[in-house]
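> Take this structure, written in structure tokens, and hold onto it; I'll ask about it next.
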Amino acid sequence: MKRMKKLFAILMTMAMVMGLSITGFAAAEPVTDIKSDIKVTGLSSDVTTTIKVYQYATLYFDEETNEYSWEIADWARNSVGLNADETAYVISNPAALKLAAEKQVPLKEITTKETSYTFEDMLIGGYIIIPSDTAAQYEPLFAVNTYDRTVSPGEDGRPVAIDIEVAAKSETHTIGKDQDDDFVQIGETVDYTVKATFPMSEDSEGNELSNFVITDTPVGLNIDVNSVKVTLAGEDITNRISKNVDDTSGVLTVDFGNVLNDVSKHDGEDIVITYTATVTATEYNNSVSATSDTTDYTPGRVDGDNGSIEITKVDAENQELLLTGVEFEVYDLGDKTEWTESNPGTAMSLVYDAEKGEYRPAIGAEEGAVTTIATKETESVDDDSKLKIVGLDEGYYYFKETKAPNGYAINKDGLTVQIVKDENEDLTVKFLNTKMAELPETGGMGTTLFTIAGCVIMISAAGLFFATRKKAN
């Protein structure tokens, strides 16, 4: 109710061409060839907004008198009347006009998820435009797409329809937040977009706009302040706003203080903020909010995720037998399904988190990064036979074994696995190793006995040979 009372006080006069009074039009016909576009801005982003348009004033032309005149719809006559000098119609009761309009069949009705919408080829006239959605409480918009033909007529002296833009005003708005990818590897970047609506210059309580700040709070992300870009109604105003990323919390603040001093008001205009952030954790998100003196904002949030691979080393013949003391090189194959020496993909640089007992991709040239990873060798065989990598993107990964467990041969085939978002994000697989072939022992007791027996046989044969030869002589 307070908002409607405020409308009564601040509503501008809706000036229209005057030719005749509201009375009948026996010989006049509606004008159907004077048209223009009406653009509605300041709508909520990322929600479905319904816009209904009602025409309460229609332009007529009387060929007999060569005069133009306005006719007010019957349902609107109690809310629209002549001004004091009877030169223009004015809306005397906007709240009543809105209520009366909502009982009629709309001239046009559309739905949109964009922050603006253009009604094309609208006949010259007076309109009430009523947006509605779940993210805002809009005030009705009153639009007249013409001006007094006695001041600025067309070339033929006829009234002129002009393209106009009206900004939807609301004391509540929801901030929209988008990201170009929600499944990203640690160390990679994500592009973010924030969509908001500029607050009202004055609210229904008479509070004037003196402060407007948008705040973006990241978790598991590092925002690049140099990548932050801000537009207002499509115009780049990055150099006019104040932007900062806190060194400790990583929170981004965008202050519009300098823009508030503009002579022209920006009520309901579209704000778009874009920036790039680096993923630093297995789960990441950011929430955006805004504060102002005249408009309340519902925060927006987006979340992201990534995948993991856990490998358990086992004996190929007995997969219940866990193996330790193994080293791997890991290659990111992307969309490629096979690893080859000539085209091995990208060798991954990984960092070990001793507290969590897992590896993750390195962030830039991070200290402690390695290209060869290993299972542990402690008394806990169950834990030491496992090796886990977290924070991975979609795609194929190849594990190349560089050191096998003692007594086992290196698995030259390696292992290729695939992470698929929403289907196969966290993998648990086994890596098989085969024991080396056993060779016969040398130098044992069995060999010695055969040697002695052989020598005895040879000596006996030699003795028998010489004895037989002597007897013969």
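Quick note, my numbering runs 5 ahead of the 1-based positions in the sequence shown.
Even glycine gets a Cβ: it sits at the ideal position worked out from N, Cα and C.
Just so it is clear, the structure is predicted and the values come from calculations on it, not from any experiment.
#1: For the beta strand (DSSP E) that contains A379, what are its first and last residues?
#2: Using the beta-carbon count (16 or more within 10 Å), is V259 buried or exposed?
#3: How close, in whole Å, do the beta carbons of T116 and T202 come, if the pair is a contact with beta carbons under 8 angstroms?
#4: What are the partner residues of S175, as DSSP defines its beta bridges?
#5: Pull the bridge partners of V95 from the DSSP assignment, please.
#6: Given this structure, state the Cα-to-Cα distance separating E399 from V293, to the nearest angstrom.
#7: Taking only the alpha-carbon atoms, compute the straight-line gap between A140 and D275 and give it to the nearest angstrom.
#8: By a C-beta neighbour count over all protein chains shown, 10 Å radius and 16 as the cutoff for buried, is T46 buried or exposed?
#9: Which residue wins for smallest C-alpha separation from L392, given the options K318, E430 and Y413?
#10: Is it buried or exposed, Q324, if we count other Cβ atoms within 10 angstroms and call 16 or more buried?
#11: Taking DSSP's pairing of strands, which residues face R306 in a bridge?
#12: Label T151 either buried or exposed according to how many other C-beta atoms from any shown protein chain fall within 10 Å of its C-beta, with 16 as the threshold for buried.
#13: Entirely within the segment 313-350 and at least 4 residues each: give me those alpha helix (DSSP H) ranges in chain order.
#14: At which residues does the beta strand (DSSP E) containing M353 begin and terminate?
#15: Rounded to the nearest angstrom, how far is the Cβ of G86 from that of V195, given a contact under 8 angstroms?
#16: Please determine, among I219, E343 and M205, the residue with the shortest C-alpha to C-alpha distance to E213.
#17: Please look up how many angstroms separate the CB atoms of V36 and Y65, rounded, as I've assumed it's under 8 angstroms.
#18: Please name the residue, chosen from T300, V395 and T342, that lies closest to I316 on a Cα-to-Cα basis.
#19: Within this structure, are the beta carbons of K426 and F188 separated by less than 9 angstroms?
#20: Using the Cα positions of V422 and N311, report the straight-line distance between them to the nearest angstrom.
#21: Considering only the beta carbon of each residue, do D493 and D298 sit closer than 9 angstroms?
#22: Going by the CB atoms, is the gap between K57 and E107 shorter than 9 angstroms?
#23: Shortest alpha-carbon distance to Y401 belongs to which of K174, M353, K408 and A367?
#24: What residues in its chain sit with their C-beta under 7 angstroms from that of T439, if we drop five residues either side in the sequence?
#25: Here's the rule: buried if 16 or more other CB atoms are within 10 angstroms of the residue's CB, otherwise exposed. What is T376?
#26: Report the rounded CA-to-CA distance for T63 versus G262, giving the unit in angstroms.
#27: Skipping 5 residues on each side, what residues in its chain have a beta carbon closer than 6 angstroms to that of N98?
#28: Is the beta carbon of V52 closer than 9 angstroms to that of D138?
#29: Got a sec? Which residues, its chain only, sit under 7 angstroms from N411 by beta carbon, not counting five neighbours each side?
#30: Measure how close the beta-carbons of D272 and A172 come, nearest whole angstrom, since I'm counting them as under 8 angstroms.
#31: Taking only three categories from DSSP, how would you classify L214?
#32: D232: which of Y132, T243 and I129 sits nearest, CA to CA?
#33: Which whole-angstrom value describes the C-beta separation of P304 and I180, a residue pair presumed to lie in contact below a C-beta threshold of 8 angstroms?
#34: Helix, strand or coil, according to DSSP, for M463 in the structure here?
#35: Thinking just about the alpha-carbon of each residue, which of F436, S121, A295 and K182 is nearest to the one in G239?
Answer, in terms of the structure:
#1: Start and end: T377 to A379.
#2: With 16 or more Cβ atoms within 10 Å of its Cβ, V259 is classed as buried.
#3: Rounded, the Cβ-Cβ distance is 18 angstroms, inconsistent with contact.
#4: In DSSP, S175 forms a bridge with Y143.
#5: In the DSSP output, where bridge partners are listed per residue, V95 has G86.
#6: Cα to Cα, E399 sits roughly 27 angstroms from V293.
#7: C-alpha separation (whole angstroms): 15 angstroms.
#8: By the 16-neighbour rule on beta-carbons within 10 angstroms, T46 is buried.
#9: The candidate whose alpha carbon is nearest that of L392 is K318.
#10: Flag for Q324 reads exposed.
#11: Partner residues in the beta bridge of R306, as assigned by DSSP, are S292.
#12: With 16 or more other CB atoms across the displayed protein chains lying within 10 angstroms of its CB, T151 is buried.
#13: Fully enclosed alpha helix (DSSP H) runs of 4 or longer: not present.
#14: Counting along the chain, M353 falls outside any beta strand (DSSP E), and DSSP gives it neither H nor E.
#15: Not a contact, Cβ separation roughly 57 angstroms.
#16: Closest by alpha carbon: M205.
#17: At roughly 7 angstroms, the Cβ-Cβ gap stays under 8 angstroms, so V36 and Y65 are in contact.
#18: The alpha carbon of I316 has as its nearest neighbour, out of T300, V395 and T342, the alpha carbon of V395.
#19: The answer is yes: Cβ separation under 9 angstroms.
#20: Our two residues, V422 and N311, have alpha carbons roughly 15 angstroms apart in a direct line.
#21: No answer is possible for residue 493: the residues shown for the chain start at 6 and end at 478.
#22: Result yes, Cβ atoms of E107 and K57 sit closer than 9 angstroms.
#23: Sorting K174, M353, K408 and A367 by C-alpha distance to the C-alpha of Y401 places M353 at the top.
#24: Spatial neighbours of T439 in its own chain (CB-CB distance under 7 angstroms, excluding positions within 5 residues in sequence) are listed in chain order as A321, Y413 and A414.
#25: That one is exposed.
#26: For T63 and G262, the gap between their C-alpha atoms comes out near 42 angstroms.
#27: Around N98: S84.
#28: With a cutoff of 9 angstroms on beta-carbon distance, D138 and V52 are scored as near each other.
#29: Excluding its 5 nearest sequence neighbours in each direction, N411 has C-beta neighbours in its own chain below 7 angstroms: G330, listed in chain order.
#30: Approximately 5 angstroms separates the beta-carbon atoms of D272 and A172; this is inside 8 angstroms, confirming the contact.
#31: DSSP places L214 in the coil class of the three-state scheme, outside both helix and strand.
#32: The sequence shown places Ser at residue 232, not Asp. Among Y132, T243 and I129, the Cα nearest to that of S232 is on T243.
#33: Contact flag correct, Cβ pair sits at about 6 angstroms.
#34: The answer is helix: DSSP assigns M463 an H, G or I state.
#35: Of the candidates F436, S121, A295 and K182, the one whose C-alpha sits nearest the C-alpha of G239 is S121.
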